[in-house]
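All remarks here apply to the structure that follows.
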Amino acid sequence: MPVFPHRAAFSFDIEDWHHSELNPIADARPEESIVVRGTEAILDLLASHGWHSTFFVLGEIVREHPALIRRMVAEGHELACHGMSHRPLWKATPESFRAELREFRSVVEAALGHFPVAGFRAPTFSIDRSNPWALDVLRDEGYAYDSSIFPMKVKMYGTPGAPVGIYRPSREDLCRHDPDGRLVEFPVAIAELQGLRFPVGGGFYLRALPLTVFRAGLDFILLHRPFVLYLHPREVAPEARRQPLDPVNGFITYVNLHTVMAKLEHLFERYEWTTMREILTDEGWLPR
Ligand SMILES: [Zn+2]
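Residue 170 is where the sequence shown starts when you use the numbering used here, and the numbers rise one by one after that.
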């Protein structure tokens, strides 16, 4: 294992195959669900390497599969919030978002008893310049960090100009660092080279890029700062039902699903991994 000055975080957005914004579907049948099988495969792999991760779980999944959440927590992973039902925050109001966070808290309490949740990631990275109020709601509801601002423009989302490293979003401008800000932003991995930004944080990039290229991007970032990657259970469950999608969405959704587990094995051997909360604490962004 090469030695880097920072540790890395892997995060998993725990939702089912039909929650993807690219795959809207009304007739998903319960027997087609892959969320338990996919999450268990991820938990098994993490256990075999001895690493801890952050799990941004949908409240619906917490409610339907409390045993899965109890296993996650018992094995030392960080439980974080991905909203209740995967509705992007572009469709929310401050009041509905606050109600959603409170509902999430109550389903977590039903599964685990009183349990602190520090981190939030919006469905479809849906916090941007159009809804900075969402960060205020997170602050009010006691969240310590967010991972929803995607610092470049891609097809469905993005906030060009936002910092690529960890920062404290200012209340006036969510792209500006405020040293006194209470909420910390930990954006997913973007490699920056000569002013150009390359997304390398997500499952799509892990699947679509050759591993050597993906790894070079991560090595480069880790020399300067920690990074966080993200992946979904559906990406380790290639057998999940496939939809006839248009060519672009089909490519994004299905390319190279069969390569994911082997690539994860490789990454788990190459880097030192821990939870996002642990990194933020270690690097002085959150109090211990
Ligand atoms: Zn999601």
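Ideal placement from N, C-alpha and C gives every residue a C-beta, glycine not left out. Predicted model, so just to flag it, every value in this text is computed and none were measured.
Identity of the residues DSSP links to residue 353 by a beta bridge = Beta-bridge pairing links residue 353 to 314.
Just to confirm the assignment, what range does the alpha helix (DSSP H) spanning residue 328 have? Annotation: residue 328 is outside any alpha helix (DSSP H) and is labelled neither H nor E by DSSP.
- Exposed or buried, residue 194, counting other C-beta atoms within 10 Å across all chains shown (16 or more means buried)? Under this definition residue 194 is an exposed residue.
Could you tell me which residues DSSP puts in a beta bridge with residue 373? DSSP lists no partner for residue 373.
Residue 376: which of 387, 427 and 333 sits nearest, CA to CA?
-> Of the listed residues, the one whose Cα sits closest to residue 376 is 427.
I'd like to confirm the pairing. Which residues does DSSP put opposite residue 361 in its beta bridges?
BP columns for residue 361 point to 366.
Residue 184 beta carbon near ligand 1 (any heavy atom closer than 7 Å):
The answer is yes for residue 184.
query: If you scan the segment 369 to 450 from start to end, which runs of the beta strand (DSSP E) of 3 or more residues do you find wholly inside it?
result: The segment 369 to 450 contains these whole beta strand (DSSP E) runs: 396 to 400.
* How long is the line joining the alpha carbons of residue 442 and residue 203, rounded to whole angstroms? -> In this structure, the straight-line span from the alpha carbon of residue 442 to that of residue 203 is close to 25 Å.
(Q) Let me check you understand the geometry: is the CB of residue 234 closer than 7 Å to at least one non-hydrogen atom of ligand 3? (A) Of the ligands one can find in the structure shown, namely ligand 1, none is ligand 3.
*Which term fits residue 417, buried or exposed, when burial requires 16 or more other beta carbons within 10 angstroms of its beta carbon?*
In summary, residue 417 is exposed, with fewer than 16 beta-carbon neighbours lying within 10 Å of its beta-carbon over all protein chains present.
Checklist entry - Would residue 337 pass as a contact of residue 354 if the rule is Cβ separation under 8 Å? => result The criterion of a C-beta distance shorter than 8 Å is satisfied by residue 337 and residue 354.
Could one say the Cβ of residue 346 lies closer than 8 Å to chain C's Cβ atoms, at least one of them?
-> No chain C appears in this structure, which consists of one protein chain only.
Quiz prompt | Bounding residues of the alpha helix (DSSP H) (the contiguous stretch that carries residue 291) | solution = Element bounds for residue 291: n/a, residue is neither H nor E.
Check: Can residue 251 be considered in contact with ligand 1, in the sense that its beta carbon sits closer than 7 Å to one or more heavy atoms?
Finding: Correct: residue 251 has its Cβ closer than 7 Å to ligand 1.
| said: Within the continuous alpha helix (DSSP H) that includes residue 309, where are the two ends? | reply: Looking at the DSSP string, the run of the alpha helix (DSSP H) that includes residue 309 is 302 to 309.
- Quick one: what does DSSP say residue 275 is sitting in, helix, strand or coil? The answer is helix: DSSP assigns residue 275 an H, G or I state.
**OP:** Classify residue 237 as helix, strand or coil using the three-state DSSP reduction.
**Re:** The DSSP-derived three-state label of residue 237 is helix.
Report task. Find the nearest neighbour of residue 282 within the set 190, 231, 454 and 307, judged by alpha-carbon distance. Result -> For the options 190, 231, 454 and 307, the alpha carbon positioned closest to that of residue 282 is the one of 231.
Check your understanding: Pairing CB atoms from the segment 256 to 273 with CB atoms from the segment 179 to 188, are three or more of them under 8 Å?
Key -> No: fewer than three Cβ pairs fall under 8 Å.
Is there contact between the segment 288 to 297 and the segment 315 to 324, where contact requires at least three CB pairs shorter than 8 Å? Touching, yes, given that three or more Cβ pairs across the two stretches are closer than 8 Å.
*May I have the straight-line CA-CA distance separating residue 284 from residue 227, to the nearest angstrom?*
If I take the Cα positions, the gap works out to 16 Å.
| Outcome for residue 445 when other beta-carbon atoms lying within 10 angstroms are tallied against a minimum of 16 | Around the beta carbon of residue 445, 16 or more other beta carbons sit within 10 angstroms, so the residue counts as buried.
| Assuming residue 305 and residue 328 make a contact with CB atoms under 8 Å, what is their CB distance in whole Å? | Not quite, the Cβ-Cβ distance comes to about 16 Å (not below 8 Å), so this is no contact.
(Q) Once the 5 residues before and after residue 295 are set aside, which same chain residues still bring their CB inside 6 Å of it? (A) Excluding the 5 residues flanking it on each side, residue 295 has same chain C-beta neighbours closer than 6 Å at 257, 258 and 259, in chain order.
* Name the one or two DSSP bridge partners that residue 225 has. => Under DSSP, residue 225 shares a beta bridge with 182 and 249.
**OP:** Look at the Cβ atom of residue 191, then the Cβ atom of residue 422, and state whether they are nearer than 8 Å.
**Re:** Between residue 191 and residue 422, the C-beta gap is smaller than 8 Å, which places the two residues in contact.
TODO: Could you say which of 300, 220, 250 and 314 lies nearest to residue 342 if we only look at CA atoms?
DONE: If you compare the alpha carbons of 300, 220, 250 and 314 with that of residue 342, the shortest gap goes to 300.
Practice prompt. Taking only the alpha-carbon atoms, compute the straight-line gap between residue 349 and residue 455 and give it to the nearest angstrom.
Written response: Distance from the CA of residue 349 to the CA of residue 455, rounded to the nearest whole angstrom, comes to 12 Å.
Worksheet entry | residue 412 versus 196, 173 and 174, residue with shortest Cα-Cα distance | Measuring from the Cα of residue 412, the nearest candidate turns out to be 196.
Ligand 1 and residue 187: does the residue's C-beta get closer than 7 Å to at least one heavy atom of that ligand? Because no heavy atom of ligand 1 lies under 7 Å away, the Cβ of residue 187 does not count as near it: no.
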